[in-house]
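Trainee: In full-length UniProt numbering, the protein residues as written are 1 to 901. Each residue gets a CB set at the ideal place from its N, CA and C atoms; glycine is no exception. Note that the coordinates shown come from a computational prediction; the quantities given were computed from them, not determined experimentally.
1. Alpha carbon to alpha carbon, how far is residue 166 from residue 387? Give it in angstroms, no decimals.
2. Would you mind reading off the limits of the beta strand (DSSP E) that contains residue 230?
3. Between the stretch 234–250 and the stretch 54–63, can you find at least three pairs of beta-carbon atoms closer than 8 angstroms?
4. Counting beta carbon pairs with one atom in the stretch 181–198 and one in the stretch 46–54, are three or more of them shorter than 8 angstroms?
5. Less than 8 angstroms between the CB atoms is what I'm expecting for residue 344 and residue 316, so what's the real figure, rounded?
6. Would you report the Cα separation of residue 96 and residue 82, rounded to the nearest angstrom?
7. Around the Cβ of residue 806, are there at least 16 other Cβ atoms within 10 angstroms (buried) or fewer (exposed)?
8. So, helix, strand or coil for residue 137, using DSSP?
9. Would you call the CB atoms of residue 435 and residue 503 closer than 9 angstroms?
10. Relative to the alpha-carbon of residue 299, which residue among 643, 652, 742 has its alpha-carbon at the smallest distance?
11. Extract the residue ranges of the alpha helix (DSSP H) inside the stretch 599–676, only unbroken runs of 4 or more that lie entirely within it.
12. Could you tell me which uninterrupted alpha helix (DSSP H) segments, each at least 4 residues in length, are contained entirely in the stretch 250–288, listed from first to last along the chain?
13. Of the choices 743, 384, 708, 773, whose alpha-carbon is the least far from that of residue 762?
14. Just grab the DSSP bridge partners of residue 795 for me.
15. Give every residue of the same chain whose Cβ lies closer than 7 angstroms to the Cβ of residue 819, excluding the five residues on either side of it in the sequence, and list them in chain order.
16. Below 9 angstroms between beta carbons: does that hold for residue 514 and residue 680?
17. Between the alpha carbons of residue 760 and residue 741, how many angstroms are there, rounded?
18. When you compare each of 355, 185, 430, 651 to residue 638 by their alpha carbons, which one comes out closest?
19. Whole-angstrom Cβ separation of residue 281 and residue 652, contact assumed at under 8 angstroms?
20. With DSSP collapsed to three states, give me the class of residue 187.
21. Taking only the alpha-carbon atoms, compute the straight-line gap between residue 340 and residue 725 and give it to the nearest angstrom.
22. From residue 732 to residue 333, what does the alpha carbon distance come to, in whole angstroms?
23. Unbroken beta strand (DSSP E) runs of length 3 or more, entirely within the stretch 806–839: which are they?
24. Which term fits residue 454, buried or exposed, when burial requires 16 or more other beta carbons within 10 angstroms of its beta carbon?
25. Quick test of your reading: residue 474 and residue 457, contact by CB under 8 angstroms. State the CB separation rounded to the nearest angstrom.
26. Could you tell me which uninterrupted alpha helix (DSSP H) segments, each at least 4 residues in length, are contained entirely in the stretch 158–226, listed from first to last along the chain?
27. Our contact map puts residue 634 next to residue 521 with C-beta atoms below 8 angstroms; I'd like the distance itself, whole angstroms only.
28. Leaving out five residues before and five after residue 609 in sequence, what residues of the same chain have Cβ atoms less than 8 angstroms from its Cβ?
29. Can you give me the C-alpha to C-alpha distance between residue 706 and residue 353, rounded to a whole angstrom?
30. Does DSSP put residue 371 in a helix, in a strand, or in coil?
31. Determine the DSSP secondary structure at residue 419, reduced to helix, strand or coil.
32. Roughly how many angstroms separate the alpha carbons of residue 698 and residue 446, rounded to a whole number?
33. Alpha carbon to alpha carbon, how far is residue 691 from residue 100?
34. May I have the straight-line CA-CA distance separating residue 430 from residue 172, to the nearest angstrom?
35. Can you tell me which of the three DSSP states residue 763 falls into?
36. Drop a sphere of 10 angstroms on the beta-carbon of residue 696, count the other beta-carbons inside from all chains shown, and report buried for 16 or more, exposed for fewer.
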């Protein structure tokens with residue numbers, strides 16, 4: 001075998017020649033002269049399914065490598081069948097690549113993606129979708145007239161016409177409701193942009209296969225080869241001659257904040273994924289109405305009972321000479337119990353007899369909310385044809401690229417194919433460990449910040465203890481600092497959670513979003529709730545005795561919760577409107593600097609959408625996260641702050657319209673994505689609901705006076721005592737006396753706020769023996785009785801709620817019975833009628849165009865004999881309607897085998 005040797009000079013010469021050729025090709029591509037964007041030029045948005053933009057002002061975009069990447073990428077798009085055209089502003093600074101998907105591409109990828117598309121009208125299916133009775137239908141006529149104000153305007157948003165659908169099949173296109181004169185109109189803009197987006201995410205931009213991750217327009221945007229990619233809006237948000245304008249004026253407007261949402265129109269314009277979010281947010285907001293009302297009633301009841309509450313009266317007694325021991329060891333002094341009269345009245349409005357009842361109601365409400373959401377979600381799945389839709393099983397391009405050379409394989413029973421798998425020892429185990437470790441480190445950082453806030457409270461209170469209202473000032477400032485920490489950590493958690501998720505290499509987009517959402521929520525859970533758990537459970541409890549204080553005798557729990565809850569919601573709402581506005585304003589200014597054309601050119605839809613902000617799936621994750629965090633405030637801490645549902649309701653009424661305005665006015669049009677339900681967020685909400693039951697039980701038992709009051713009234717006092725069943729003497733019952741001489745450091749008499757030092761003792765809140773009793777300062781029998789009552793209350797509360805949980809979940813089916821029946825009827829009639837029509841077409845009775853026309857009985861008898869119907873009946877009987885995943889899958893498999901004779 002001959003060995004050929006090549007000199008180094010020859011190799012360098014050859015490499016130089018290739019580089020020169022690449023530069024010449026790049027220069028040739030750069031010098032392509034697209035038609036300038038003229039005012040009023042023909043740019044039919046219906047022909048533009050997607051737009052890619054690159055900025056000539058960016059140095060990276062003009063480099064030879066970037067030009068070569070664009071050339072290769074766009075060549076691959078054209079090979080796929082996409083039609084490309086280019087526009088450029090006269091300044092040649094902004095270059096627009098307009099992408100159009102022809103009918104053949106749409107049909108091919110609709111079949112690949114198994115898109116559910118409407119089939120032609122089938123005789124006998126007019127009564128298929130029966131009208132279901134809703135709560136509104138059951139109300140009296142007068143109530144209907146009143147509630148009509150809240151209904152969707154059917155003139156502006158026509159009632160959704162439910163159609164029988166099936167996975168698209170190109171070979172059987174005649175089964176689908178396609179207008180022969182305009183076949184491409186069968187695929188609406190949302191579907192067309194989704195198909196183009198699917199192609200753009202998977203096409204390579206390098207001819208060299210060594211770089212396995214060199215694919216997808218998103219990576220080109222990250223490297224400044226392109227600067228934007230988006231589908232077009234159908235018009236201006238302030239114009240009512242397009243769907244975007246109608247949604248902005250009659251859905252996103254605040255004047256419609258009390259009306260129901262046109263969810264079918266939202267789904268048609270934005271896709272199922274965004275429509276499901278707004279459906280869930282609207283449903284959650286409506287379900288908050290009853291808790292908000294009951295929370296206000298509980299608050300009003302507490303405020304009204306202040307004047308009759310014996311415990312509060314005894315504290316506020318102006319003639320009381322109850323002198324309390326100092327609250328800290330060094331700078332604090334004696335104080336009169338009546339000085340906390342306002343705090344006592346304030347606490348009574350939240351911590352009263354109705355609080356426990358309201359907390360129990362909210363625990364039951366959580367399961368009712370989830371069960372009714374499942375029923376509503378089932379109705380949406382049926383209405384939007386998602387019952388036969390399984391989450392996209394196609395692997396992410398990143399998954400396929402990173403595991404291209406992996407030897408680990410797995411058999412996918414869903415797709416019936418062998419595909420690469422993540423190696424367990426080399427990738428899955430170490431990266432999962434890194435991910436979990438990273439999450440734990442971030443959780444400890446959040447906990448450290450919460451501890452820092454506690455240290456701030458203690459040190460600052462010592463420093464300013466001589467100031468008037470020092471305790472209130474310290475607690476409010478601590479709550480504000482905690483709020484700043486929460487917002488700051490929220491900003492850095494997102495990129496870290498995304499990086500950790502990338503390490504795990506999830507297979508599908510659904511798995512990726514679920515993993516990302518779970519990590520983000522776990523981090524935000526600690527970030528938002530760590531300090532609140534301290535406030536709700538520990539602050540002001542386990543105080544100790546005057547010589548052994550746990551360093552801070554806390555008060556003012558409720559307003560700190562309100563500062564964090566209300567403050568966070570208010571700041572989020574403000575930031576959600578201000579940040580997109582200034583970002584859009586910045587884009588407008590940048591565009592004006594780039595382009596010197598007249599105003600008409602700038603007003604082209606393709607340019608106007610470029611000025612808007614990009615939208616990606618992470619935005620929706622953030623929206624869900626914000627609402628689920630709020631759901632935690634409403635359920636986990638409702639016993640400490642019963643007004644939480646009320647503030648959440650007010651926030652959500654405006655939040656929904658804020659989000660809608662932001663989406664329509666400030667963001668580019670999102671890619672239409674089909675999903676089934678709210679995904680991993682349901683499991684998160686369900687977990688929060690179970691945790692909320694435990695949390696409320698402990699808040700009532702440990703931090704509230706509810707249990708001590710019951711124990712005192714019915715288990716401490718004797719039945720023959722005239723005070724039995726009342727709270728007379730309860731205040732003195734909760735106080736213990738401490739000898740002045742036993743204090744290690746006696747306060748300075750001159751700093752006693754006008755109080756003379758008590759002669760021999762002072763009081764502190766605890767169930768302990770007095771200084772004159774045997775075993776002084778030890779816990780009394782009443783202390784253990786109260787704690788026994790607390791344990792019994794927690795156990796009883798948990799078991800009663802758990803029993804109610806099981807009963808409610810048994811009593812409320814996940815899917816309404818009428819929907820089950822309609823799904824089964826639709827599957828049965830679809831199979832029966834389509835196969836019958838296909839049988840007639842195969843026998844030559846009707847043509848493809850007449851496939852769904854009515855057939856006369858005499859024509860049927862001419863070509864269809866008894867044997868045919870016996871075979872057909874046997875085939876129909878093989879369907880198990882209750883387990884059929886797709887009514888059309890079965891008939892399509894049948895058609896592929898029998899459609900041509």
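Mentor: Result, derived from the coordinates:
1. 11 angstroms
2. 228–230
3. no
4. yes
5. 6 angstroms
6. 15 angstroms
7. exposed
8. Note that residue 137 scores a pLDDT of 48, beneath 50, so its modelled location is shaky; the value from the coordinates is reported in the next line. Three-state DSSP puts residue 137 in a helix.
9. yes
10. 643
11. 599–602, 605–610, 617–636, 644–661
12. 263–270, 272–287
13. 743
14. In the DSSP output, where bridge partners are listed per residue, residue 795 has none listed.
15. 378, 379, 382
16. yes
17. 8 angstroms
18. 355
19. 7 angstroms
20. coil
21. 26 angstroms
22. 21 angstroms
23. none
24. buried
25. 6 angstroms
26. 189–200, 217–222
27. Wrong, their Cβ atoms sit about 16 angstroms apart, outside the cutoff.
28. 51, 230, 232, 233, 668, 669
29. 7 angstroms
30. helix
31. strand
32. 23 angstroms
33. 51 angstroms
34. 49 angstroms
35. strand
36. buried
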